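J.:
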Amino acid sequence: MEAAIRHYFPGIDHGSSGTGNWHVGEGASREAVATWEDRGYRHEHRAQQFHPKFFAEYDLILVADSGHMETLRGLAPNAEALGKIHFLREFDLEANGELDLADPYYGSRKDYEDVFDIIERSVIELHRQLSTEI
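Going by my numbering, the first residue of the sequence shown is number 435, and it counts up by one from there.
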């Protein structure tokens with residue numbers, strides 16, 4: 435997701451983090467990097483864990499799935515912070531109500547490509563919506 439945000443929102447302060455401490459400090463999987471780079475994106479990423487201070491640092495917090503949503507809602511210090519949390523797929527015009535983004539980590543290259551397509555079209559729509567608000 436971070437590569438698409440960086441691509442479509444150059445110059446915007448952004449971050450990427452997980453809800454757990456798995457793989458902190460590690461890069462993305464080879465399949466993820468290859469999928470993004472094959473599509474022309476620069477993929478530079480080091481895993482970090484979400485910190486509650488991010489609620490004050492960012493205006494929008496995008497989550498990939500219901501588990502992330504539940505965790506972040508539990509960490510939100512107030513209603514303003516809660517209002518910043520959104521599913522990425524809220525911006526996916528093809529979501530048909532499905533807000534969870536599948537984790538392709540143990541899947542095939544096609545699984546990574548399918549997730550890439552969802553992320554890209556969601557970020558493009560987010561960009562379109564924010565561009566019309568400015």
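Where a beta carbon is used, it is the ideal one built from N, C-alpha and C, also for glycine.
This structure is a prediction, so every number in the text was calculated from the model and none was measured.
By alpha-carbon positions, which one of Tyr-475, Lys-518, His-502 and Thr-453 ends up nearest to Ala-490?
T.: The alpha carbon of Ala-490 has as its nearest neighbour, out of Tyr-475, Lys-518, His-502 and Thr-453, the alpha carbon of Lys-518.
J.: Tell me which same chain residues have a C-beta within less than 7 Å of the C-beta of Asn-530, skipping the five on either side of it?
T.: none
J.: Given Leu-494, which residues of its chain have a CB within under 8 Å of its CB, disregarding the five upstream and five downstream residues?
T.: Lys-518 and His-520
J.: Quick check for students: name the residue ranges of the alpha helix (DSSP H) that lie wholly in the segment 464 to 499, counting only runs of 4 or more.
T.: 464 to 472 and 488 to 491
J.: When you compare only the Cα positions, how much space is there between Gly-474 and Arg-507?
T.: 34 Å
J.: Quick one: residues in its chain with C-beta nearer than 8 Å to the C-beta of Pro-538, no 5 flanking neighbours on either side, listed in chain order?
T.: Taking Pro-538 as the centre and dropping the five residues before and after it, the same chain places the C-beta of Glu-465, Ala-466, Asp-545, Tyr-546, Asp-548 and Val-549 closer than 8 Å to its C-beta, in chain order.
J.: Can you tell me which of Ser-451, Tyr-442 and Tyr-492 puts its alpha carbon nearest to the alpha carbon of Ile-558?
T.: Tyr-442
J.: Given a cut-off of 8 Å on the beta-carbon distance, is the pair Ala-438 and Glu-554 in contact?
T.: Taking 8 Å as the Cβ cut-off, Ala-438 and Glu-554 qualify as a contacting pair.
J.: Tell me the start and end of each unbroken beta strand (DSSP E) in the segment 508 to 561 that is at least 3 residues and wholly inside, in chain order.
T.: 519 to 521
J.: Between which residues of its own chain and Leu-560 is the CB-CB distance below 6 Å, once the five residues before and five after are set aside?
T.: Phe-525
J.: How would you call Val-497, buried or exposed, if buried means at least 16 neighbouring beta carbons within 10 angstroms?
T.: buried
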